[in-house]
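Quick notes on the structure that follows.
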Amino acid sequence: MKLQHFLNTYTDFKNKSFCSRYFTYIEVEQELKNLSPIFGLKEEGSTVEGRRIYSLNFGTGKKRILGWSQMHGNETTTTKALFDFFEFIQSEESLAKQFLNNFSFKIFPVLNPDGAQAYTRKNANQVDLNRDSVDLSQPESRLLRKAFDEFSPNLCLNLHGQRSIFGIKENKQASSLSFLSPSVDAKRQITEVRKQSMRLISAINDSLQAYLPGQIGRYDDEYNMNCIGDYMQTCGVPTILFEAGQIKDYQREDTRKWIWLAYITVLNAFAENKHKLGEWVSYLDIPVHEKNYFDIILRKAKINELIIDIAIQFEEKLDNNKIEFIPRISKIGGLDDFNGHKEFDLEAKNIMINGGLLHKTPQINEIWTTIWVENKNIVLAQG
Numbered sequence: 001m002k003l004q005h006f007l008n009t010y011t012d013f014k015n016k017s018f019c020s021r022y023f024t025y026i027e028v029e030q031e032l033k034n035l036s037p038i039f040g041l042k043e044e045g046s047t048v049e050g051r052r053i054y055s056l057n058f059g060t061g062k063k064r065i066l067g068w069s070q071m072h073g074n075e076t077t078t079t080k081a082l083f084d085f086f087e088f089i090q091s092e093e094s095l096a097k098q099f100l101n102n103f104s105f106k107i108f109p110v111l112n113p114d115g116a117q118a119y120t121r122k123n124a125n126q127v128d129l130n131r132d133s134v135d136l137s138q139p140e141s142r143l144l145r146k147a148f149d150e151f152s153p154n155l156c157l158n159l160h161g162q163r164s165i166f167g168i169k170e171n172k173q174a175s176s177l178s179f180l181s182p183s184v185d186a187k188r189q190i191t192e193v194r195k196q197s198m199r200l201i202s203a204i205n206d207s208l209q210a211y212l213p214g215q216i217g218r219y220d221d222e223y224n225m226n227c228i229g230d231y232m233q234t235c236g237v238p239t240i241l242f243e244a245g246q247i248k249d250y251q252r253e254d255t256r257k258w259i260w261l262a263y264i265t266v267l268n269a270f271a272e273n274k275h276k277l278g279e280w281v282s283y284l285d286i287p288v289h290e291k292n293y294f295d296i297i298l299r300k301a302k303i304n305e306l307i308i309d310i311a312i313q314f315e316e317k318l319d320n321n322k323i324e325f326i327p328r329i330s331k332i333g334g335l336d337d338f339n340g341h342k343e344f345d346l347e348a349k350n351i352m353i354n355g356g357l358l359h360k361t362p363q364i365n366e367i368w369t370t371i372w373v374e375n376k377n378i379v380l381a382q383g
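Take the sequence shown: its letter number 314 is residue 314 in the UniProt record's numbering, and every next letter is one higher.
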């Protein structure tokens, strides 16, 4: 598979209906109903608030793939990439036809419609569905379990989005994408099932490193049976966690492209049986990412005679169907081992805010949208 070809032609497959971090579930439903009949749209059940949950069922192959996105309602990037994948599948690309011949797919584009509509991690009952895989206290969790039991997949794809706080310690890069082969027990033993998902993740990493050098991370594999990936891999089904991170714009349109390419790469590897034949040890070479990033760091800010670093993290807030990124002070000082997606060197100069000189150390959670340094304004708010 020539990845560069798909990179060059990505815009041909990009679904133009979703281009921001937030879109309503009504928009999702409309787009699902506009899809080609080949996708086999099926109403699987309903949410706590009565919204319909759909699956797409397509392909005629022997290998069965179960996937789901927006288990956390505010993680939309993998969903956008799924709609790009659906555009690809109905194209004339030979690889798309191979996928349809090799695989049978069952995909839940949005597992948590209530959370998606409200742009919240949890469902309407304030339950994290990714901590409900054993308890099955929520209707959304029960629907996914029913699909898992009845569909009997050979591979599961658990599609998420991560916060902008993760980075790679070794090279100080942000963790743009990250993956995990979940543990199957508290000892984190590397079983054959884990090796299969490790091999597939290694295939993704090998392909994308040329384009995202040093920017791909690995999630910590602490075991929690109530997490869906841990549960399914414990049941003997290779399961891969995808996490879409922060690259450039905060709408994550760039990240979306790389997630789409990761979908194509992992499916091609699965079709070629690399889950059984490839190398798995290289998975362990992917660095475990850490919480060592902030959205903004102001270096060498002068407040009276004190020179300090100030970290700002955006709070995401849904307002009038758009996401506002509200810049709040998150950490003051002790930032030598942290990095910012944006950094400003204030060169030990005084800060002005709200028209006056800043004379005291700010408080955690204070909102700073704009500061002035020597009559030059620095806009911290993100559009």
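Just so it is clear, CB atoms sit at the ideal spot from N, CA and C, and this is done for glycine as well.
| Check | Outcome |
| --- | --- |
| Burial state of R188, where buried means 16 or more other Cβ atoms lie within 10 Å | exposed |
| 8 angstroms Cβ shell around D185 - same chain, five flanking residues per side excluded | Y223 and T234 |
| Assigned secondary structure, R252 (DSSP; H/G/I helix, E/B strand, else coil) | coil |
| Residues that H160 bridges to, as DSSP identifies them | E243 |
| C-beta atoms of Q246 and S137 nearer than 8 angstroms | no |
| Unbroken alpha helix (DSSP H) run spanning I89, endpoints | T77 to I89 |
| Short Cβ contact (8 angstroms threshold) for W280 with R199 | yes |
| Contact set for L100: own chain, Cβ-Cβ below 6 angstroms, skip 5 residues either direction | G59 |
| 7 angstroms CB neighbourhood of P153 in its chain, flanking five on each side removed | R64, I65, L66 and V237 |
| C-alpha distance - Q30 paired with S17, whole-angstrom precision | 10 angstroms |
| Nearest residue (CA-CA) to T120, options L155, K300 and H72 | H72 |
| Own chain residues within Cβ distance below 6 angstroms of K14, not counting five before or after | D84 |
| Proximity below 8 angstroms, CB of N130 to CB of C19 | no |
| Cβ contact check for the region 313-326 and the region 201-218: 3 or more pairs under 8 angstroms | no |
| Rounded separation between S141 and D132 - CA only | 7 angstroms |
| Inter-stretch contact at 8 angstroms, needing at least 3 Cβ pairs: the region 101-111 / the region 44-61 | yes |
| Beta-ladder partner(s) of N339, from DSSP | Y293 |
| Residue burial classification, L284 (beta-carbon count within 10 angstroms, cutoff 16) | exposed |
| Buried/exposed call for S183, threshold 16 Cβ in 10 Å | buried |
| Cutoff 7 angstroms; reference R299; Cβ partners in own chain excluding five residues on either side | D309, E343, F344, D345 and L346 |
| Contact under 8 angstroms by Cβ, D220 with V110 | no |
| For T361, the three-state DSSP class (helix, strand or coil) | coil |
| Buried or exposed by the 16-neighbour rule on C-beta atoms within 10 Å, applied to V28 | buried |
| Those residues which DSSP pairs with S178 across a bridge | G217 and E243 |
| CA-to-CA distance, F294 to L357, given in whole angstroms | 25 angstroms |
| Per DSSP, the bridge partner or partners of M352 | L357 and W372 |
| Host beta strand (DSSP E) of L129 (start-end) | Segment: none, L129 is in no beta strand (DSSP E) and carries neither H nor E. |
| Among E374, P362 and Y263, nearest to A96 - alpha-carbon criterion | Y263 |
| G236 (DSSP reduced to helix, strand or coil) | coil |
| Residue interval of the beta strand (DSSP E) (run including N321) | Looking at the DSSP string, N321 is not in any beta strand (DSSP E), and its letter there is neither H nor E. |
| Secondary structure of R151, DSSP reduced to three states | The residue asked about is misnamed: residue 151 is Phe in this sequence, not Arg. Helix at F151. |
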